[in-house]
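Letter by letter, the sequence shown follows residues 11 to 312 in this note's numbering.
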Amino acid sequence: MAKKSQWHPAFVEMLRPVVASHFDVQPDLPVGDKPREADIVLLRRKRRGRLPFTGLWKDLTAWNVLEFKGPTVSPRDEDADDLIEVGLGIFRRLNDERRQRRKPALAPAEVSFWYLANRLGRRLLRGWEERRFGGLRPHGQGVWRCEVMGRSVYLVSGSELPVEEDSLPLHLIGKEPPETERAVAEFLVAQEALWERFSGWLAAFHLDAYKGVESMAKTTKGGFNPTLEGIIDTMGVEWVLQQVGVKRMVEQVGVERMVEQVGVERMIEQVGVERVVEQLSADAFLARLTPEQRQRLKERLG
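If you want it as structure tokens, here you go:
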């Protein structure tokens, strides 16, 4: 069975608010006999009318099958076959469900297939055009499009996309040149709503770029204080610790929660016994210690 990518939950959490006005985001889809749900996200349109998107997502159809590859996964030649196979499987399943509910079947043009990667190399794209995706053409910066059996297929190279709201999830999760990271940070800090939504992700994935605009954010009206709470819930405390360090974690969530997550001894090692006691109170601090930990602490304090 395919393992869930460590990047998949982060991508879903960042994508959801970007498209939420018009689409439901459905992750973790089982597809036939191939348990490839780790890579697949389905976007279902829930609202009629003109789409508000002006960037990457302006071409979304009624149903959209997204195959997402994180920045540590290199695109492979056979991924093109898998995308079409999985997409057609989902298309058949959707129409089976619609027939059971006595709804009209979806037309091929109502479903599109998307392959999202950190970077698509020119050699890979040429090979796909020659052997798999006839008629593949550029469709804006960082995007290529073709049709397969009446369905639109979009191939997306995240690091080549322009810096705009639609592409933020891919930029934030991607491995990119420092100048692109800075552009993303500056784009976020200039807009309060986007900063509040994504600054925690910026700090987690691109800490240097975050630090470059942190002072600007602090002097902006309202402060724009970022939070790591959502990222911790999505990625887990250990992952976030590795990305941003104990100091920033303590600043964000406090010593007490950190003690609950990683244990008293580790927090003492990281921030010192005085700060742990100060935050918890002596009684609460001692209550969290086992007899063995109390003995080691006694020996440590002399």
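C-beta atoms are modelled at their ideal positions from N, C-alpha and C, and glycine is treated no differently.
Option nearest Gln16 by Cα separation, candidates Leu66, Arg55, Val75, Thr82: As a first step, residue 16 is located in the sequence shown; it is residue number 6 there, counting from the start. With distances taken between Cα atoms, Gln16 lies closest to Thr82.
With a cut-off of 8 Å, do at least 3 Cβ pairs link the stretch 108-116 to the stretch 146-162? The stretch 108-116 is not in contact with the stretch 146-162.
Classify Pro45: buried if its beta carbon has 16 or more other beta carbons within 10 angstroms, exposed otherwise. Here residue 45 refers to the residue found at position 35 when the sequence shown is read from its first residue. With a pLDDT of only 47 at Pro45, under 50, the local geometry of the prediction cannot be trusted, and no value is derived from it.
Starting from Pro19 and walking both ways along the alpha helix (DSSP H), at which residues does that stretch end? Working through the sequence shown from its first residue, we reach residue 19 at position 9. 18-29 is the extent of the alpha helix (DSSP H) around Pro19.
Hey, how far is the Cα of Leu198 from the Cα of Ser225? As a working note, residue 198 is residue 188 in the sequence shown. As a working note, residue 225 is residue 215 in the sequence shown. Cα to Cα, the separation comes out at about 13 Å.
Rounding to the nearest angstrom, what Cα-Cα distance links Pro118 and Phe63 in this structure? Start at 1 with the first residue of the sequence shown, and residue 118 comes out as number 108. Start at 1 with the first residue of the sequence shown, and residue 63 comes out as number 53. Cα-Cα distance, rounded: 22 Å.
Selection from Pro179, Leu52, Arg129, Pro114 that minimises the alpha carbon distance to Leu98: Taking the sequence shown and counting its residues from 1, one reaches residue 98 at position 88. The shortest Cα separation from Leu98 among Pro179, Leu52, Arg129, Pro114 belongs to Leu52.
Measuring alpha carbon to alpha carbon, tell me which residue in Gly144, Val166, Gly184 is nearest Gln151. Within the sequence shown, residue 151 is the residue found at index 141, counting from 1. Checked all of Gly144, Val166, Gly184; the closest Cα to Gln151 is Val166.
Tell me Ala127's beta-bridge partners as DSSP assigns them. The count along the sequence shown starts at 1 and reaches residue 127 at position 117. Paired residue(s): Ser167.
Roughly how many angstroms lie between the CA atoms of Arg54 and Arg103, to the nearest whole one? Residue 54 sits at position 44 when you count from the first residue of the sequence shown. Residue 103 sits at position 93 when you count from the first residue of the sequence shown. If you take the alpha carbons of Arg54 and Arg103, they lie about 14 Å apart.
Going straight from the alpha carbon of Ala193 to that of Leu251, what length do you get? Here residue 193 is taken as the residue at index 183 of the sequence shown, counted from 1. Here residue 251 is taken as the residue at index 241 of the sequence shown, counted from 1. About 25 Å.
Please report the straight-line C-alpha distance between Phe33 and Ile50, rounded to a whole angstrom. Numbered from its first residue, the sequence shown carries residue 33 at position 23. Numbered from its first residue, the sequence shown carries residue 50 at position 40. Each residue's alpha carbon lies about 15 Å from the other.
Could you work out which residue in Glu196, Tyr125, Ala213 is closest to Ser84 when comparing CA atoms only? Here residue 84 refers to the residue found at position 74 of the sequence shown. Answer by Cα proximity: Tyr125.
Contact between the stretch 176-193 and the stretch 139-148 (3+ Cβ pairs under 8 Å): no
Use the C-beta contact count for Thr229: other C-beta atoms within 10 angstroms, 16 or more gives buried, fewer gives exposed. Looking up residue 229 in the sequence shown gives position 219. Thr229 should be labelled exposed.
In chain order, what residues of the same chain lie with their CB nearer than 8 Å to the CB of Leu134, ignoring the 5 residues before and after it? The residue given as residue 134 occupies position 124 in the sequence shown. Around Leu134: Pro85, Asp87.
From which residue to which residue does the alpha helix (DSSP H) around Arg192 run? Walking along the sequence shown from the start, residue 192 turns up at place 182. Its alpha helix (DSSP H) spans residues 188-199.
Cβ neighbours of Gln253 in the same chain (closer than 6 Å, five flanking residues each side left out): Along the sequence shown, one-based indexing puts residue 253 at 243. Excluding sequence neighbours, Gln253 sits near Ala214.
What whole-angstrom Cβ distance do Ile241 and Gly80 have, given they're in contact under 8 Å? Here residue 241 corresponds to residue number 231 of the sequence shown, with the count starting at 1. Here residue 80 corresponds to residue number 70 of the sequence shown, with the count starting at 1. With a beta-carbon spacing of about 15 Å, Ile241 and Gly80 fall beyond the 8 Å limit used to define contacts.
My assumption, with CB atoms under 8 Å, is that Trp67 sits in contact with Val29. Please give the rounded CB distance. Mapped onto the sequence shown, residue 67 falls at position 57. Mapped onto the sequence shown, residue 29 falls at position 19. At roughly 6 Å, the Cβ-Cβ gap stays under 8 Å, so Trp67 and Val29 are in contact.
Please state the DSSP three-state secondary structure of Glu107. Numbered from 1 along the sequence shown, position 97 holds the residue referred to as residue 107. Here Glu107 sits in helix by DSSP.
Whole angstroms are fine: how far does the CA of Glu239 sit from the CA of Gly137? Within the sequence shown, residue 137 is the residue found at index 127, counting from 1. Within the sequence shown, residue 239 is the residue found at index 229, counting from 1. Each residue's alpha carbon lies about 43 Å from the other.
My output table needs one value for Arg142: the three-state DSSP class, helix, strand or coil. Looking up residue 142 in the sequence shown gives position 132. Arg142 falls in the coil class under three-state DSSP.
Considering only residues of the same chain and omitting the five flanking positions on each side of Lys56, which have a CB-CB separation below 7 Å? By one-based count along the sequence shown, residue 56 stands at place 46. Here the set comprises His32, Phe33, Asp34.
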